[in-house]
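Asks: If you scroll down you'll find the structure; I have some questions about it.
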Amino acid sequence: MSPKDSDLMEKIVSLCKRRGFIYPSSEIYGGFAGFWNYGHYGAILKENIKCLWKQRFIFDREDMFVTDTSIISNPKVLEASGHVSNFGNEIFKIQVGTGEDATTSHLRPETAQGIFADFKNVIDAHHPELPFGVAQVGKAFRNEISPRDFIFRLREFEQMEVEYFIRANEWEKHFEDWREIMKGFAADIGIENMHELEVPESDRAHYSKRTIDFQFDYPFGRGELWGLAYRTDFDLKNHNLDYLDEKTGERFVPHVIEPSLGVDRTVLAVLLSAYTEDELGGESRTYLKLPKLIAPIRTAVFPLLKNKPDLVSKAREVYSMLKKDISNIQFDDNGNIGKRYRRQDEIGTPYCITIDFDTLEDDTVTLRDRDTGEQKRLKITDLKEAII
Ligand code: ATP
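Each residue of the sequence shown is one higher than the one before, counting from -6 in the numbering used here.
This is the structure:
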């Protein structure tokens, strides 16, 4: 992407709508500021990003637990955390129950507090030794004064957060470890030109001893993508929680390192990094250079002609064979081949396979590479290896 491209955001918004990635929420009623819907390809892309995050931040490690806590909690959780007194207007107030029994609570503005409030349950259930982490992916809500810039500043969004519990004297090492994991994840999902901002003390939350904002050059300027904070023992202390070292009998309040990633800003940075315009075969084209690990469709399978039953049934055979091992394979016979390539390029499909008359003779197909447009002939039996 070229940061100079001032209409890039419009192009992305338009591609997202045209191809079924992201739509304004409640569009038939004029939309609703700060709320967007993910369509078919957008929802798959987002899911793939979350799955890869879970892989890198949770399952590749041995010291992580997963949680999925409620969006609405006892009001005391957000009172104890300081959110109600510090961000009173920015969190959505709700009534739980009706009439005289109604309780005022809030939609959570971050997933983190659910993790802290459950700290004792995790300890009692799993007896983990320090350091260990608890991770959560889920919705968060903020009554932002001016939601804007597509899915950058939303009122309803998703977060992928880790609260990593440590001994205070080890914070620098763990901070660096998570910093590297975040950078590796950005590379995995194709985010280019991420910048690290060492947040000065004057701009940090008062409880944070160190914060790095991972920033991205959006078309409207450089802005926050993710955050990494050393939150000290602030949160567990707020909730009056501590930890007993079962080996030494020592009781203390662990400290916390928090990598916090917004899912929607990640989707936006991925789309902006992937968006490419070039010339292919003398024609201009647009494609999404999405890494194959997160592309909504890994490979599309085409019969050259829709009205030739032999080609269609052979293409169906190849499609079913590949789909057994790779679920996101798509059968596409809509429009001429050129149109199908253009559609798959805009969806970000890394490979297209065409079944033609030669296939019926020699069991070879054409495999087209999205980025180079190069086509090569290979045996059906070699396809899986080529696209995996
Ligand atoms: P900002 O300064 O942009 O308001 P923040 O510092 O308040 O963000 P955090 O509280 O650190 O954000 O939240 C962690 C992550 O959640 C952010 O890095 C971002 O990816 C995401 N996030 C926060 N607010 C929003 C929002 N209104 N819309 C979409 N994503 C958000």
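Ideal Cβ positions, reconstructed from N, Cα and C, are used throughout, including at glycine.
(1) Is it the case that the CB of Gly255 approaches a heavy atom of ligand 1 more closely than 6 angstroms?
(2) Look at the Cβ atom of Asn321, then the Cβ atom of Ile290, and state whether they are nearer than 7 angstroms.
(3) Considering Ile84, what are the terminal residues of the beta strand (DSSP E) in which it resides?
(4) Rounded to a whole number of angstroms, what is the C-alpha to C-alpha distance between Met57 and Glu169?
(5) With distance defined between alpha-carbon atoms, name the residue in Tyr200, Val59 and Asp326 nearest to Asp349.
(6) Any heavy atom of ligand 1 inside 6 angstroms of the beta-carbon of Gln152?
(7) Going along the chain, which residues of its own chain have a beta-carbon closer than 7 angstroms to the beta-carbon of Lys372, five neighbours each way excluded?
(8) Ligand 1 and Gly220: does the residue's C-beta get closer than 6 angstroms to at least one heavy atom of that ligand?
(9) Glu137: beta carbon under 6 angstroms from a heavy atom of ligand 1?
(10) Using the C-alpha atoms, what's the distance from Arg203 back to Phe109?
(11) Suppose only complete runs of 3+ residues qualify. What are the beta strand (DSSP E) ranges in the stretch 216 to 258, listed by chain order?
(12) Would you say Gly220 and Asp210 are within 7 angstroms of each other, going by their C-beta atoms?
(13) For Lys132, which residues does DSSP report across the bridge?
(14) Grab me the residues of Arg335's own chain with a C-beta within less than 7 angstroms of its C-beta, minus the 5 sequence neighbours each way, in chain order.
(15) Who are the Cβ neighbours of Val6 in its own chain at under 6 angstroms, not counting the five residues just before and after it?
(16) Can you name, in chain order, every residue of its own chain whose Cβ lies under 7 angstroms from the Cβ of Glu156, other than the five neighbours on each side?
(17) What residue does the beta strand (DSSP E) around Ile21 start on, and which one ends it?
(18) Counting pairs of beta carbons, one from the stretch 183 to 190 and one from the stretch 133 to 150, are three or more of them closer than 8 angstroms?
(19) Please report the distance separating the alpha-carbon of Leu100 from that of Phe28.
(20) I need the DSSP call for Glu191, collapsed to helix, strand or coil.
(21) Excluding the five sequence neighbours on either side, which residues of its own chain have a C-beta within less than 8 angstroms of the C-beta of Lys113, listed in chain order?
(22) Out of Asp338, Phe245, Leu254 and Asp111, which one is the CA nearest neighbour of Thr365?
(23) Output the distance between the C-alpha atoms of Lys(-3) and Pro212, rounded to the nearest integer angstrom.
(24) Assuming Ile205 is part of the beta strand (DSSP E), what are its boundary residues?
(25) Along the alpha helix (DSSP H) that carries Phe350, what are the first and last residues, could you check?
(26) Mark Arg135 as exposed unless 16 or more other C-beta atoms lie within 10 angstroms of its C-beta, in which case mark it buried.
(27) Would you mind working out which of Glu173, Ala161 and Gln368 sits nearest Pro247, comparing C-alpha positions?
(28) Here's the rule: buried if 16 or more other CB atoms are within 10 angstroms of the residue's CB, otherwise exposed. What is Gly255?
(29) Note down the Cα distance separating Asp111 from Thr62, rounded to an integer number of angstroms.
(30) Residues bridged to Met57 by DSSP?
(31) Just reading off the alpha helix (DSSP H) that Arg291 is part of, what are its end residues?
(32) Within its chain, find whatever has a CB closer than 7 angstroms to the CB of Arg370; leave out the 5 residues flanking it on each side and keep chain order.
(33) When you compare the CB positions of Ser98 and Ile64, do they come within less than 7 angstroms of one another, or not?
(34) By Cβ distance below 6 angstroms, which residues in the same chain neighbour Leu264 in space, the five residues on each side in sequence not counted?
(35) Exposed or buried, what is Ser74 when buried is set at 16 or more other beta-carbons lying within 10 Å of its beta-carbon?
(36) Between Glu156 and ligand 1, is the CB less than 6 angstroms from at least one heavy atom?
Replies: Reading it off the structure:
(1) Taking the sequence shown and counting its residues from 1, the one referred to as residue 255 is at position 262. Yes, the beta carbon of Gly255 sits closer than 6 angstroms to at least one heavy atom of ligand 1.
(2) Start at 1 with the first residue of the sequence shown, and residue 321 comes out as number 328. Start at 1 with the first residue of the sequence shown, and residue 290 comes out as number 297. In contact: Asn321 and Ile290 (Cβ atoms closer than 7 angstroms).
(3) Position 91 of the sequence shown, counted from the first residue, corresponds to residue 84. Per DSSP, Ile84 belongs to no beta strand (DSSP E) and is neither H nor E.
(4) By 1-based counting over the sequence shown, the position of residue 57 is 64. By 1-based counting over the sequence shown, the position of residue 169 is 176. Distance from the CA of Met57 to the CA of Glu169, rounded to the nearest whole angstrom, comes to 17 angstroms.
(5) For this step, residue 349 is matched to residue 356 along the sequence shown. It is Asp326 whose Cα lies nearest to the Cα of Asp349.
(6) The residue given as residue 152 occupies position 159 in the sequence shown. Yes, Cβ of Gln152 sits closer than 6 angstroms to a heavy atom of ligand 1.
(7) Here the question's residue 372 lines up with position 379 in the sequence shown. Excluding five sequence positions before and after Lys372, the CB atoms of its chain that fall closer than 7 angstroms to its own CB belong to Asp356 and Thr357, given in chain order.
(8) Stepping through the sequence shown from its first residue, residue 220 is reached at position 227. The answer is yes for Gly220.
(9) In the sequence shown, counting from the first residue as 1, residue 137 sits at position 144. Result yes, Cβ under 6 angstroms from ligand 1.
(10) Position 116 of the sequence shown, counting from 1, holds the residue named residue 109. Position 210 of the sequence shown, counting from 1, holds the residue named residue 203. Roughly 20 angstroms between the two C-alpha positions.
(11) Within the stretch 216 to 258, the complete beta strand (DSSP E) runs of at least 3 residues are 248 to 255.
(12) Taking the first residue of the sequence shown as 1, we reach residue 220 at position 227. Taking the first residue of the sequence shown as 1, we reach residue 210 at position 217. Not closer than 7 angstroms, so no.
(13) Translated into the one-based positions of the sequence shown, residue 132 becomes position 139. Answer is Glu151.
(14) Taking the sequence shown and counting its residues from 1, the one referred to as residue 335 is at position 342. Cβ within range, chain order: Arg278.
(15) As a position in the sequence shown, residue 6 is number 13, starting the count at 1. The residues are Phe143.
(16) On the sequence shown, residue 156 is found 163 positions in, with the first residue counted as 1. Excluding positions up to five away in sequence, the list reads Ala105, Ile108, Phe109, Gly126, Val127, Val249 and Glu251.
(17) Reading the sequence shown from its first residue, position 28 is the one you call residue 21. Element bounds for Ile21: n/a, residue is neither H nor E.
(18) No: fewer than three Cβ pairs fall under 8 angstroms.
(19) As a working mapping, residue 100 is identified with position 107 in the sequence shown. As a working mapping, residue 28 is identified with position 35 in the sequence shown. The alpha-carbon atoms of Leu100 and Phe28 are separated by roughly 15 angstroms.
(20) Position 198 of the sequence shown, counted from the start, is the residue given in the question as residue 191. The three-state secondary structure of Glu191, taken from DSSP, is strand.
(21) In the sequence shown, residue 113 corresponds to position 120, counting from 1. Cβ contact annotation for Lys113 (same chain, cutoff 8 angstroms, sequence separation greater than five): Leu234, in chain order.
(22) Here residue 365 refers to the residue found at position 372 of the sequence shown. Nearest in C-alpha terms to Thr365, of all of Asp338, Phe245, Leu254 and Asp111, is Asp338.
(23) The residue labelled residue -3 in the question sits at position 4 within the sequence shown. The residue labelled residue 212 in the question sits at position 219 within the sequence shown. At Lys(-3), the pLDDT of 49 sits below 50, so the modelled position is not reliable; the number obtained from the coordinates is stated separately. In a straight line, the C-alpha of Lys(-3) is about 7 angstroms away from that of Pro212.
(24) The count along the sequence shown starts at 1 and reaches residue 205 at position 212. Ile205 -> beta strand (DSSP E) spans Arg203 to Tyr211.
(25) For the purposes of this step, residue 350 is taken as residue 357 along the sequence shown, with counting starting at 1. It spans Phe350 to Asp355 - the alpha helix (DSSP H) in which Phe350 sits, taken as one unbroken run.
(26) Working through the sequence shown from its first residue, we reach residue 135 at position 142. Residue environment for Arg135: buried (at least 16 other C-beta atoms within 10 angstroms of its C-beta).
(27) Taking the first residue of the sequence shown as 1, we reach residue 247 at position 254. Considering only alpha carbons, the answer is Ala161.
(28) In the sequence shown, the residue the question calls residue 255 occupies position 262. Classification for Gly255: buried.
(29) Looking up residue 111 in the sequence shown gives position 118. Looking up residue 62 in the sequence shown gives position 69. Their backbone Cα atoms lie some 8 angstroms apart in a straight line.
(30) Here residue 57 corresponds to residue number 64 of the sequence shown, with the count starting at 1. Paired residues: Gly126.
(31) Numbered from 1 along the sequence shown, position 298 holds the residue referred to as residue 291. Segment: none, Arg291 is in no alpha helix (DSSP H) and carries neither H nor E.
(32) Along the sequence shown, one-based indexing puts residue 370 at 377. Thr357 and Thr359, listed in sequence order.
(33) As a working mapping, residue 98 is identified with position 105 in the sequence shown. As a working mapping, residue 64 is identified with position 71 in the sequence shown. Contact check for Ser98 against Ile64 fails: the beta carbons are separated by 7 angstroms or more.
(34) Here residue 264 refers to the residue found at position 271 when the sequence shown is read from its first residue. Only residues of its own chain outside the window of five on either side were considered, and among them Ile5 have a CB closer than 6 angstroms to the CB of Leu264, listed in chain order.
(35) As a working note, residue 74 is residue 81 in the sequence shown. So Ser74 ends up on the buried side.
(36) For the purposes of this step, residue 156 is taken as the residue at position 163 of the sequence shown. Not one heavy atom of ligand 1 lies closer than 6 angstroms to the C-beta of Glu156.
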